[in-house]
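See structure below.
Chains as they are written, first to last, in this note's numbering: chain A, 266 to 546; chain B, 266 to 546; chain C, 266 to 546; chain D, 266 to 546; chain E, 266 to 546; chain F, 266 to 546.
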């Protein structure tokens, strides 16, 4: 089970999502069709194999509507799921459980989808020494949760935002008059706990960057051949990150070039949902 | 161009997303590498063909960091984009524009991805008389935006939440003792501006539902043959909605059975991002 | 007892109301005059006959200041109260109870006032087949609570906001070039779970609207005679809603014209408070 | 025109109210029936005589949806209105104006209702030397606005919350062992800018309170005779406030007893709305 | 122990502070270095003598991350601490406790610093009859907490904000055309529970103010000689407040002039932190 | 002028601070004493020498109450101020300016106090090669602003929160079974853009840490002699940070030991306010 975010961070998101679904009138259907006080036992399970993430969101969503609900977690965040695997069993007020169901599943399906896709990338590079990492291409307002889901899938996080690492991209290079001057400006500006990464788009620019010794160099859209050349030139002095158009088809070959890190935007921007459902016992 | 949501609804989301990315220290890289007061001209364009949505989010993100930015929208929400098509041209403070870039693209790419996938489904059923609709399987906190993107793609919205229509599902049926009693309870409970939909999973249950005359009946995971039978039995008295495992491969055949509406969860829960970028002039 | 809104919707309102009253210094009087740790037993009761609503708000207000308070609800939301009837008995920290008192009573009195006035309208039309409904003339920020109070009084809710039903009014008619074109535009624009209502101000306009078969037609400020004529012309094909200047004096006669629904703005915009107090045992 | 609250206080309330009405889908009707870009000229006017309050809320609601709207205020907060009087003229985007209409009117009608009722009480005591004041029986979340409306009606504000003055009521008296000890405890506890008021329910208790010289003594539900006796005993040494069951019928007689202040809960808890409408030019 | 603010006021501040520290990724260090489920016993104690304030914030910070934490308060708000004194003992989830530590200490240290400095001023004037009071020179967003800390240090609060008392300063005097007219305008404008204070900067202006009988007169930057003269002239008819450049060196002499109140901005704007730490048992 | 935080981060704090001061009734004094529409010209200036920070907060506070205010900034964030130096000149609505004054000054004074103290530390180590840095001992809710003020004073920022760098302290060492295992666990857990710092309290522990090659080692409360020994042993392979009880008296000697960074909690937890005032022209 992967270390999660504290409830104090997650709970406001879950409550806002419930309010979004309940609207100004509450769950018309459950109030109409279900007797007050009725109880329901049900099970969250996955229709497909994958990796689960977001169990804490599911739990908080149900408890927000029924603080006395009994929830038994069978598979915690980061666990691999076989198709059909049960994730949790719940016994709760029937109206509350059905009112929370969609919100709980929206978190669980989306985050598990990210964890599942991440795990596929991580497994694909197993044994190569390359690490898989995410990007900042996350859903607005859900970055903390989605970065958590990436960790559940076995990958590492790239920076969390604009303020926890420097990442010099082409427009910064253009503004600073070259990747070298840009790195020097960054070194002069930031504190001793901030790593500096520079993006380069050619071997020539790589050499210019290497001369300034940043912590990390991102090799943007390099061919396999150029990636290998970059690894050779860097001689282990900086961390090399391959980036750009990485897919499950291409990732292993990229990893085998010897780069240290491969960043994959698709982990968060294009992961399909993992199909999880709630089945009444 | 599709009618958008008012800024008063969108702006808090955009500002929260910017705050999420700026964190506690702001954009370390742009501050370090770009001179204060420098200006930048750039263009948002799509690397692939698709349908754009979220232009208003992009605009608000940039204006939040540079209220004097000049933004010319070339393709409004709902417009079809050829690969390479320009969406907007921007001239703004360089630091502000680069600091807003990722947030703007995260909204634009995700919402355009939804609009693009939606449009593919809508086009696939063209001429059949069936309408495509979304579900409540949306990203938590972004439902209003994602439902808007679905409209940009040419489809209709299913209900917005638990309080604007009744949707009787299997668990409600079980609790009420049958789909008939459930519909009767709903009719007795809700106001005159609330539509009532009931989900059925067999032709037998369809007959039971038809006897109570709800506004809409959802045919859940029906075979094509059963869908046709359902259309025949309903005789136009209720709206029929096909649901469950609809894909681009299967949607036209489903539409050709004569159902009125086809709901597709994938529109919002599994749409890949549309690859949009910001290119400096 | 009427089905309530989930605490997740109500609690932020209650906490904000407490914060509004406590200000930046807390309850100066209770801190000064009451010993820390003192306990108090008290009873909420109504000085006049009526219908109670908002018991959940009262409960949450007290629990917010004393999570260990013991609160026994004697009359739940929707219950009829005789003058003097006890609503709840509370045993709590004395400072906490007195600090929460005004906030609890402000919710309880206002919502019970709405429920009480609503019940008077509902009782006045008993046996006629007409339903009483509210409007969107609610207190800003309290719509969910006030619509709940209307349900507690035995009436139905009109739409919750601008997005859960179409209501074509005179200005929309003018903009669209007639009630007929307006209804056609609405049908072409909205999803299959949205009801469409059109307001008409004359029998001539009623005919124009009937030709387009909306779900509901609102008869605005019609005389009793015209209401009867409208009922005759509609022949049960649409729901007819009478609206405009409805009072307890006039409502029964309106109901007896055969209209289906009577909407009453006064339920929420002009209901006097129900006089409820907290009496120490 | 009465001095208003700064927009920084009012604007979050107005925006929250708009969001409440727009929901997750925006104004379905206006989007469907009105062409994008259409303009509308309209006038806010009162159907009945009264006193206006909340003009700033109306203005902010419209500007929130159309920042380019042209709004000319004809009657500012506190102005007396004849029946039919125009309050403001607006020229704005048609969709924006109609979407904001109900929110604007809900603020305007409610606050003007309070100002109108307040003015009736103030006029009723004219020339007596007694001041009319409100109470804390306000709508949750709207206290600042409602207290402002009371000022627009020509009355004074009682305390704003629990922290800006001491008000010793019967339960505090009971807890402290008498009104005398309660006043002494309050004097010992609070700062030099906090006024102390004590409620008494008999002439005997008045004497006990007078001996401790609070700033204000509230005479709760005193007969006219007892009010006169209280005025005589107080000899101008403290401010005397009459409270309890004050109506337009009784208020002048109360004022003529010589009390300084008369507090009226009905100003905020039971004022009917002032009927204000928006008429298209 | 000093009466505290209700949790309903404090908790949102504590949760926001935790979110500020946890950021988008949580406590990287504790998650990496500490096993899930490990427990920790520790003690909050002060490295220096002082007065404690903010114990409730500390408690809420820890409970927010571990609702099952066991916290025993040894010294409540307002208690004097010897150097080394234990304030509280905690047994909690190790990760949760270490993640909450800095937030808890930031509240505790800052508020105890204020209480400690306040106590020094209060002790310095002991026996003189003068009261020490704070000002509005507080940390933005923390006024309620800082004013509470001042009370913990034994002093009284000046007004809480712009709306709970009138304080006429030089610019108001200039605008109104003199301190006399300013006081008269204030008396005509505000309610009967609002105290009026006027600032004067000379004995001449004092006389002008005394003629209008405000509740309080602030003597701004008066010499000791002028303070004594002011006390003589006021003859006990108004409360006299000395203000301006008050330090621990000068405060007793000021108090001995006979003024009633001495306001000290430094209590909140320049109090050094009290050095409190968390020591593992 | 130092690069500031975007308004989108600062504005919510400023507006919340204004709301805190305006309360539920607004600025009673200015409304009473100043005519509506009156204008005022005034100047912010510092009574003492220092470094200014927070000019943007001041500007936003005034504009929030008077969007048409004219504000000319004479000294931007980071500028050194002589005693008496003017910071900005303002011409604005008189009521608005006086209502915003205290909030503007509370931000300006506090942040300039931090910048001023920081500058004193930075100047004290000039020429030594050591950098001054802050800590996480900041005011709850104001970390972004206070870290900005530290930059205005010429120092660097330590980590912004728990999630942007690893800082292994004594309790983590104890939990992990030594500083070596703790560093190894951290390296195994975090991404490639996260720096790892370990705190040591002796030369022996330094050696253990050096063997694991973290990015930074914090030397906690080392004597000058031990600091020199540490510098010798580290041989430039890691960044060395001195911490613990650093004062203006001791900082230069510490810097001269050759450490790279000196962190000073007092910068944010104990900086006295810079005395800045608003003088009417």
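Glycine included, C-beta positions come from ideal geometry on N, C-alpha and C.
Beta carbon of residue 463 of chain F: closer than 7 Å to some heavy atom of the ligand HEM?
-> For the structure depicted, the ligand HEM is absent and the ligand set is empty, with no information on it obtainable.
Residue span of the beta strand (DSSP E) that contains residue 471 of chain C, given as start and end = In the third chain, counting from the first residue as 1, residue 471 of chain C sits at position 206. Taken as a continuous stretch (DSSP letters only), residue 471 of chain C belongs to no beta strand (DSSP E), being part of the alpha helix (DSSP H) at 468-475.
Indicate whether at least one CB of chain E lies closer than 8 Å to the CB of residue 425 of chain A.
-> Taking the first chain and counting its residues from 1, one reaches residue 425 of chain A at position 160. At a cut-off of 8 Å between beta-carbon atoms, residue 425 of chain A makes contact with chain E.
According to DSSP, residues forming a beta bridge with residue 315 of chain F = As a first step, residue 315 of chain F is located in the sixth chain; it is residue number 50 there, counting from the start. Per DSSP, F:346.
Is it buried or exposed for residue 501 of chain D, if we count other Cβ within 10 angstroms and need 16 for buried?
-> Taking the fourth chain and counting its residues from 1, the one referred to as residue 501 of chain D is at position 236. The residue in question, residue 501 of chain D, is exposed, as its Cβ has fewer than 16 Cβ neighbours within 10 Å.
Check whether residue 365 of chain D and residue 410 of chain D have beta carbons under 8 Å apart | As a first step, residue 365 of chain D is located in the fourth chain; it is residue number 100 there, counting from the start. As a first step, residue 410 of chain D is located in the fourth chain; it is residue number 145 there, counting from the start. No, Cβ-Cβ distance for residue 365 of chain D and residue 410 of chain D is not below 8 Å.
What is the rounded straight-line gap between the Cα of residue 378 of chain B and the Cα of residue 468 of chain F?
-> Start at 1 with the first residue of the second chain, and residue 378 of chain B comes out as number 113. Start at 1 with the first residue of the sixth chain, and residue 468 of chain F comes out as number 203. Computed Cα separation, rounded: 57 Å.
What are the start and end residues of the alpha helix (DSSP H) that includes residue 463 of chain B?
-> Locating residue 463 of chain B in the second chain gives position 198, where the first residue counts as 1. From DSSP, residue 463 of chain B is part of no alpha helix (DSSP H) but of the beta strand (DSSP E) over 461-465.
Would residue 458 of chain F pass as a contact of residue 457 of chain A if the rule is Cβ separation under 8 Å?
-> Taking the first residue of the sixth chain as position 1, residue 458 of chain F is located at position 193. Taking the first residue of the first chain as position 1, residue 457 of chain A is located at position 192. Contact: no.
If you count every other CB in all the chains shown that lies within 10 Å of the CB of residue 384 of chain E, and 16 or more means buried, which is it?
-> Indexing the fifth chain from 1 puts residue 384 of chain E at position 119. Counting Cβ neighbours within 10 Å, residue 384 of chain E comes out buried, since at least 16 surround it.
Rounded straight-line distance, which links the Cα of residue 288 of chain D to that of residue 450 of chain C = Sequence index remark: in the third chain, residue 450 of chain C carries index 185 (1-based). Sequence index remark: in the fourth chain, residue 288 of chain D carries index 23 (1-based). Rounded to whole angstroms, residue 450 of chain C to residue 288 of chain D spans 21 Å at the Cα level.
Among all the DSSP beta bridges, which residues are the ones paired with residue 411 of chain B?
-> Counting from one through the second chain, the residue named residue 411 of chain B turns up at place 146. Secondary-structure assignment with DSSP links residue 411 of chain B through no beta bridge to anything.
To the nearest angstrom, how far is it from the Cα of residue 294 of chain A to the Cα of residue 272 of chain A?
-> Stepping through the first chain from its first residue, residue 294 of chain A is reached at position 29. Stepping through the first chain from its first residue, residue 272 of chain A is reached at position 7. The alpha-carbon atoms of residue 294 of chain A and residue 272 of chain A are separated by roughly 29 Å.
Answer with yes or no whether the minimum CB distance from residue 290 of chain B to chain A is below 8 Å.
-> Position 25 of the second chain, counted from the start, is the residue given in the question as residue 290 of chain B. Judged by the 8 Å Cβ criterion, residue 290 of chain B is in contact with chain A.
Opposing strand residues paired with residue 433 of chain B [DSSP bridges] = Translated into the one-based positions of the second chain, residue 433 of chain B becomes position 168. Partner(s): B:463.
Kindly list the residues whose CB is nearer than 6 Å to the CB of residue 292 of chain C, restricted to its own chain and excluding five residues on each side of it in sequence; keep chain order.
-> Residue mapping note: residue 292 of chain C aligns to position 27 of the third chain, counting from 1. Excluding residues within five positions, the ones whose Cβ falls inside 6 Å are 364.
Would you mind sorting residue 337 of chain E into buried or exposed? The rule is 16 or more other CB atoms within 10 Å of its CB.
-> Here residue 337 of chain E is taken as the residue at index 72 of the fifth chain, counted from 1. Under this definition residue 337 of chain E is an exposed residue.
Would you mind reading off the limits of the beta strand (DSSP E) that contains residue 483 of chain F?
-> Residue numbering aside, residue 483 of chain F sits at position 218 when the sixth chain is read from its first letter. For residue 483 of chain F, the enclosing beta strand (DSSP E) has its first and last residue at 481-485.
Straight-line gap, residue 352 of chain F to residue 310 of chain F (C-alpha atoms, nearest Å) | Counting from 1 along the sixth chain, the entry for residue 352 of chain F is found at position 87. Counting from 1 along the sixth chain, the entry for residue 310 of chain F is found at position 45. Cα-Cα distance, rounded: 5 Å.
Beta-carbon contacts of residue 524 of chain A that lie in its chain and below 8 Å, excluding the five residues immediately before and after = Taking the first residue of the first chain as position 1, residue 524 of chain A is located at position 259. If we look at residue 524 of chain A and ignore the five residues flanking it on each side, its Cβ neighbours are 395, 484, 492, 495, 496, 505, 506, 507.
In whole angstroms, what separates the C-alpha of residue 266 of chain C from that of residue 345 of chain C?
-> Position 1 of the third chain, counting from 1, holds the residue named residue 266 of chain C. Position 80 of the third chain, counting from 1, holds the residue named residue 345 of chain C. At residue 266 of chain C the pLDDT is 44, less than 50, meaning the model places this residue with poor confidence; the figure from the coordinates comes in the next sentence. The straight-line gap from Cα to Cα measures roughly 10 Å.
Who does residue 528 of chain F pair with in a DSSP beta bridge?
-> Counting from 1 along the sixth chain, the entry for residue 528 of chain F is found at position 263. Note: residue 528 of chain F sits in a beta bridge opposite F:398, F:508.
Grab me the residues of residue 348 of chain E's own chain with a C-beta within less than 6 Å of its C-beta, minus the 5 sequence neighbours each way, in chain order.
-> Here residue 348 of chain E corresponds to residue number 83 of the fifth chain, with the count starting at 1. Cβ neighbours of residue 348 of chain E beyond the five flanking positions: 313, 314.
Establish whether the CB of residue 367 of chain A and some CB of chain C are separated by less than 8 Å.
-> Along the first chain, one-based indexing puts residue 367 of chain A at 102. No, no contact with chain C.
Excluding sequence positions up to five away, which residues of its chain have a Cβ less than 6 Å from the Cβ of residue 530 of chain E?
-> The residue labelled residue 530 of chain E in the question sits at position 265 within the fifth chain. Result list for residue 530 of chain E: 400, 402, in chain order.
Within chain B, partners of residue 393 of chain A - CB distance below 7 Å | Mapped onto the first chain, residue 393 of chain A falls at position 128. Here the premise fails: no neighbours, minimum Cβ distance about 26 Å.
My guess is that residue 373 of chain A and residue 305 of chain A are in contact by the Cβ rule of under 8 Å, so how many angstroms apart are they, rounded?
-> Taking the first residue of the first chain as 1, we reach residue 373 of chain A at position 108. Taking the first residue of the first chain as 1, we reach residue 305 of chain A at position 40. The Cβ separation is near 18 Å, so there is no contact.
Exposed unless 16 or more other CB atoms sit within 10 angstroms - verdict on residue 462 of chain A | Locating residue 462 of chain A in the first chain gives position 197, where the first residue counts as 1. Answer is buried; the Cβ neighbour count reaches 16.
DSSP bridge partner residues for residue 309 of chain E (one or two, in chain order) | Position 44 of the fifth chain, counted from the start, is the residue given in the question as residue 309 of chain E. Per DSSP, E:353, E:543.
For residue 266 of chain F and chain A, any beta-carbon pair shorter than 8 Å?
-> Within the sixth chain, residue 266 of chain F is the residue found at index 1, counting from 1. A caution first: residue 266 of chain F carries a pLDDT of 45, below 50, which makes its placement in the model unreliable, though a value can still be read off. No, residue 266 of chain F lies away from the interface with chain A (no Cβ there is under 8 Å from its Cβ).
Using CA coordinates, which residue listed in F:290, F:274, F:510, F:282 is at the minimum distance from residue 426 of chain D?
-> Locating residue 426 of chain D in the fourth chain gives position 161, counting from the first residue. When only C-alpha atoms are compared, the closest one is F:290.
Assign residue 491 of chain E to one of three DSSP states: helix, strand, or coil.
-> Locating residue 491 of chain E in the fifth chain gives position 226, counting from the first residue. Helix.
Partners in chain B for residue 270 of chain F, counting only beta-carbon separations shorter than 7 Å | Walking along the sixth chain from the start, residue 270 of chain F turns up at place 5. Chain B residues near residue 270 of chain F: 291.
Can you name the start and end residues of the beta strand (DSSP E) that residue 229 of chain B belongs to?
-> Look at the range of chain B in this structure, 266 to 546, and you will see that residue 229 of chain B is not part of it.
Can you find a CB in chain A that lies within less than 8 Å of the CB of residue 280 of chain E?
-> In the fifth chain, counting from the first residue as 1, residue 280 of chain E sits at position 15. So yes, residue 280 of chain E belongs to the interface.
Check whether the Cβ atoms of residue 477 of chain D and residue 442 of chain D lie closer than 8 Å to each other.
-> Residue numbering aside, residue 477 of chain D sits at position 212 when the fourth chain is read from its first letter. Residue numbering aside, residue 442 of chain D sits at position 177 when the fourth chain is read from its first letter. Between residue 477 of chain D and residue 442 of chain D, the C-beta spacing is not below 8 Å.
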